[in-house]
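Asker: Residue numbers (this note's numbering): 572 to 1097.
Take a look at this one; I'll ask things after.
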């Protein structure tokens, strides 16, 4: 009994000692938790990054959409294979997209330092175009991922192998990534030339002509001065390489053979594109007035056309550089009497050797559409508007364009609105190009069957969109668009094979063409 009592007392003493040691190791007072604080300096949604004086806001959207009558959710049924209007053309194209943006701001003695990043993760339906195989082979035209071995997806029978996993890949797009400090903007942002609504005066349709629109941003170094009373002015040096080069065509190749001339008339291949290396950024100036009634903006831009060589090697020589330019006016009118929140947005542009400021990047400046014909195998419209053209031994000649776009948006109630929009763009070649291509003995006018020859063309567009927002930040929309290509050639010619769109060597009527597309979209902003 004494032994058991001694063991119990000893064990209790040991436990008390261990417990005392552990208690001595604990901090006297737990450190306070540093909670995230709301930052009210820059509007709703900003929070302080813990331990700093920098505010951050996360945002974005998730979008699901389907476009009917085109191989791209970007625009009209144009090019290869959408413009073929045959069994290679998609009846629908689907896309799912997640957008993520990060906005940070810090107050300093020089003003606010801001950084902004916006990226999209997308999966878009592709399509199939012909490979020229005698057995009707096709190849997938969409964005492909990598298979499990890290290699490009295998092709089976000239078509993508649906079991290889390549079509599960998506694409990443970096739209904006810039720093703003003391009036300067440095990085990838919307061009200072663009109207505030870029490509969208009231529409969702991406392929609207008639103005500039860098909706995915352009690298730039800009300065904006604020004069008060809603008046600002900007000067910007912007990268021309990715978004502002419509082409510098050596049209000598159009006369190299009869086949080359026929290809120009039926596919728009006027010649070899001979863009040289980057020499100067685009120089942009902008003045803007913001008032309660709306806004007015005037923009100008200068674009350097720097060409490589006449031939394949340096001794062949080259044309001199040719500067192009563009000017744009934009007007927004608010508080109109038709209803609360109704707005009219319009803009007009003129370019000379700077085509992309009219035929913006998502619309493109080349068009190829096929259609029916009562006098030939089919009809075709092929048109292209580069920045400049030239011939061997000659200098660059600019292509001039002009256009406009606009929309009227009416709010039926807080949940429904409708917009009617339209656009127009015209491209005009110089006298030298017209003489070479369409003059007496010209490359195109000499083709048998051509009764009218003129490389100029126009594009007209009209659309109607209705949006329903049943709850805040959730919108469903339907956007119906009609695009008309008014080309200036006429006649019936013997066209060659065009394998990507499965068109045979046959008689083709040179004729205007049309495209009708419907874009259905659901989008949740956050």
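Beta carbons: idealized from backbone N, C-alpha and C, even for Gly.
Indicate the three-state DSSP secondary structure (helix, strand or coil) for residue 1071 in the structure shown.
Answerer: Translated into positions along the chain shown, residue 1071 becomes position 500. In the structure shown, residue 1071 sits in a helix (DSSP, three-state: H, G or I).
Asker: So, is residue 749 buried or exposed, given that buried needs 16 or more other C-beta atoms within 10 angstroms?
Answerer: Residue mapping note: residue 749 aligns to position 178 of the chain shown, counting from 1. Flag for residue 749 reads buried.
Asker: Based on the DSSP secondary-structure assignment, which residues constitute the bridge partners of residue 792?
Answerer: Stepping through the chain shown from its first residue, residue 792 is reached at position 221. Residue 792 is bridged to 757, 808.
Asker: For residue 720, I'd like the list of residues in its chain whose CB is within less than 6 Å of its CB, leaving aside the five on either flank, ordered along the chain.
Answerer: Within the chain shown, residue 720 is the residue found at index 149, counting from 1. Confidence at residue 720 is low in this model, with a pLDDT of 34, below 50, so its placement is unreliable and the value that follows should be read with caution. Annotation for residue 720: no residue places its beta carbon closer than 6 Å to its own, counting only its chain and skipping 5 residues before and after.
Asker: Look up residue 551 in the DSSP assignment and give the residues it is bridged to.
Answerer: Since the first residue of the chain shown is 572 and the last is 1097, residue 551 is not available in this structure.
Asker: Since residue 1050 sits in a beta bridge, which residues does DSSP pair it with?
Answerer: For this step, residue 1050 is matched to residue 479 along the chain shown. Paired residues: 1036, 1090.
Asker: Compute the Euclidean distance between the alpha carbons of residue 636 and residue 1090, then round it to the nearest angstrom.
Answerer: For the purposes of this step, residue 636 is taken as the residue at position 65 of the chain shown. For the purposes of this step, residue 1090 is taken as the residue at position 519 of the chain shown. Going by the C-alpha atoms only, they are around 7 Å apart.
Asker: Using the rule of at least 16 other Cβ atoms within 10 Å of the residue's Cβ for burial, across every protein chain shown, is residue 540 buried or exposed?
Answerer: Residue 540 cannot be examined here, being either before or after the span of the chain that is shown, 572 to 1097.
Asker: For residue 1098, write down the residues that DSSP places opposite it in a beta bridge.
Answerer: Residue numbering for the chain in the displayed model covers 572 to 1097; residue 1098 lies beyond these limits and cannot be assessed.
Asker: Tell me residue 797's beta-bridge partners as DSSP assigns them.
Answerer: Locating residue 797 in the chain shown gives position 226, where the first residue counts as 1. Its beta-bridge partners are 803.
Asker: Rounded to whole angstroms, what is the Cα-Cα separation between residue 999 and residue 618?
Answerer: What you label residue 999 is simply residue 428 of the chain shown in a count that begins at 1. What you label residue 618 is simply residue 47 of the chain shown in a count that begins at 1. Those two C-alpha atoms are separated by around 53 Å.
Asker: Find out if the Cβ-Cβ distance for the pair residue 701, residue 1073 is shorter than 8 Å.
Answerer: Mapped onto the chain shown, residue 701 falls at position 130. Mapped onto the chain shown, residue 1073 falls at position 502. Cβ distance < 8 Å, so residue 701 and residue 1073 count as in contact.
Asker: Using DSSP with H/G/I as helix, E/B as strand and the rest coil, what is residue 869?
Answerer: Looking up residue 869 in the chain shown gives position 298. Residue 869 falls in the strand class under three-state DSSP.
Asker: Check whether the region 969-984 touches the region 838-845, counting contact only when three or more Cβ pairs, one atom from each stretch, lie closer than 8 Å.
Answerer: No, they do not touch.
Asker: How should residue 642 be labelled, buried or exposed, when 16 other C-beta atoms within 10 angstroms of its C-beta is the threshold for buried?
Answerer: What you label residue 642 is simply residue 71 of the chain shown in a count that begins at 1. Buried, since its Cβ has 16 or more Cβ neighbours within 10 Å.
Asker: Determine the burial state of residue 822: buried for a count of at least 16 other Cβ atoms within 10 Å of its Cβ, exposed for fewer.
Answerer: If you number the chain shown from 1, residue 822 lands on position 251. Residue 822 comes out buried.
Asker: According to DSSP, is residue 778 helix, strand or coil?
Answerer: As a first step, residue 778 must be located in the chain shown, where it is residue number 207. Correct three-state label for residue 778: coil.
Asker: Residues in the same chain with beta-carbon distance under 7 Å from residue 838, minus the five sequence neighbours each way, listed in chain order, please.
Answerer: Taking the chain shown and counting its residues from 1, the one referred to as residue 838 is at position 267. Cβ neighbours of residue 838 beyond the five flanking positions: 939, 953, 1069.
Asker: Residue 1052 to residue 626, Cα distance in whole Å?
Answerer: For the purposes of this step, residue 1052 is taken as residue 481 along the chain shown, with counting starting at 1. For the purposes of this step, residue 626 is taken as residue 55 along the chain shown, with counting starting at 1. Rounded to whole angstroms, residue 1052 to residue 626 spans 42 Å at the Cα level.
Asker: Would the beta-carbon of residue 689 fall within 8 Å of that of residue 747?
Answerer: The residue labelled residue 689 in the question sits at position 118 within the chain shown. The residue labelled residue 747 in the question sits at position 176 within the chain shown. In this structure, residue 747 lies closer than 8 Å to residue 689 by Cβ.
Asker: Taking the Cβ atom as the reference point for each residue, do residue 931 and residue 799 lie within a distance shorter than 8 Å?
Answerer: Taking the first residue of the chain shown as 1, we reach residue 931 at position 360. Taking the first residue of the chain shown as 1, we reach residue 799 at position 228. It is not a contact, given that the beta carbons lie outside the stated cut-off.
Asker: Go to residue 1006, then tell me how far its alpha helix (DSSP H) extends in each direction, as first and last residue.
Answerer: What you label residue 1006 is simply residue 435 of the chain shown in a count that begins at 1. Unbroken alpha helix (DSSP H) run through residue 1006: 1002-1009.
Asker: From residue 743 to residue 908, what does the alpha carbon distance come to, in whole angstroms?
Answerer: Translated into the one-based positions of the chain shown, residue 743 becomes position 172. Translated into the one-based positions of the chain shown, residue 908 becomes position 337. Straight-line Cα distance between these residues: approximately 43 Å.
Asker: For residue 933, which of helix, strand or coil comes out of DSSP?
Answerer: Taking the chain shown and counting its residues from 1, one reaches residue 933 at position 362. Of the three classes helix, strand and coil, the one that applies to residue 933 here is coil, per DSSP.
Asker: Considering only residues of the same chain and omitting the five flanking positions on each side of residue 1094, which have a CB-CB separation below 6 Å?
Answerer: Here residue 1094 corresponds to residue number 523 of the chain shown, with the count starting at 1. Closer than 6 Å at the Cβ level, and outside the excluded window around residue 1094, lie 632, 634, 1046.
Asker: What is the residue span of the beta strand (DSSP E) that residue 641 lies within?
Answerer: If you number the chain shown from 1, residue 641 lands on position 70. Taken as a continuous stretch (DSSP letters only), residue 641 belongs to no beta strand (DSSP E), as it is neither H nor E.
Asker: According to DSSP, simplified to helix, strand and coil, what is residue 928?
Answerer: Residue 928 sits at position 357 when you count from the first residue of the chain shown. DSSP places residue 928 in helix when its eight states are reduced to three.
Asker: For the candidate residues 892, 920, 963, whose alpha-carbon lies nearest to that of residue 872?
Answerer: On the chain shown, residue 872 is found 301 positions in, with the first residue counted as 1. Nearest C-alpha to residue 872: 920.
Asker: State the beta-bridge partners of residue 966 as determined by DSSP.
Answerer: Start at 1 with the first residue of the chain shown, and residue 966 comes out as number 395. Residue 966 is bridged by DSSP to nothing; it lacks a bridge partner.
Asker: Could you have a look at residue 563 and say whether DSSP puts it in helix, strand or coil?
Answerer: Any property of residue 563 remains undetermined from this structure, which presents the chain solely from 572 to 1097.
Asker: Given that a residue counts as buried once 16 or more other Cβ atoms are within 10 Å of its Cβ, and exposed if not, what is residue 1013?
Answerer: The count along the chain shown starts at 1 and reaches residue 1013 at position 442. Buried, because 16 or more other Cβ atoms sit within 10 Å of the Cβ of residue 1013.
Asker: With DSSP collapsed to three states, give me the class of residue 863.
Answerer: Locating residue 863 in the chain shown gives position 292, where the first residue counts as 1. It is coil, neither helix nor strand.
Asker: Can you give the Cα-Cα distance for residue 1042 and residue 1048, rounded to whole angstroms?
Answerer: Within the chain shown, residue 1042 is the residue found at index 471, counting from 1. Within the chain shown, residue 1048 is the residue found at index 477, counting from 1. Each residue's alpha carbon lies about 14 Å from the other.
Asker: Nearest by alpha-carbon distance to residue 1083: which of 1031, 832, 1039, 888 is it?
Answerer: For the purposes of this step, residue 1083 is identified with residue 512 of the chain shown, where counting begins at 1. Out of 1031, 832, 1039, 888, 1031 has the C-alpha closest to the C-alpha of residue 1083.
Asker: Nearest by alpha-carbon distance to residue 1183: which of 623, 713, 850 is it?
Answerer: Lying outside 572 to 1097, the shown extent of the chain, residue 1183 is not represented and no answer is given.
Asker: Quick check: the region 897-908 against the region 941-949, are there 3 or more CB pairs under 8 Å?
Answerer: no
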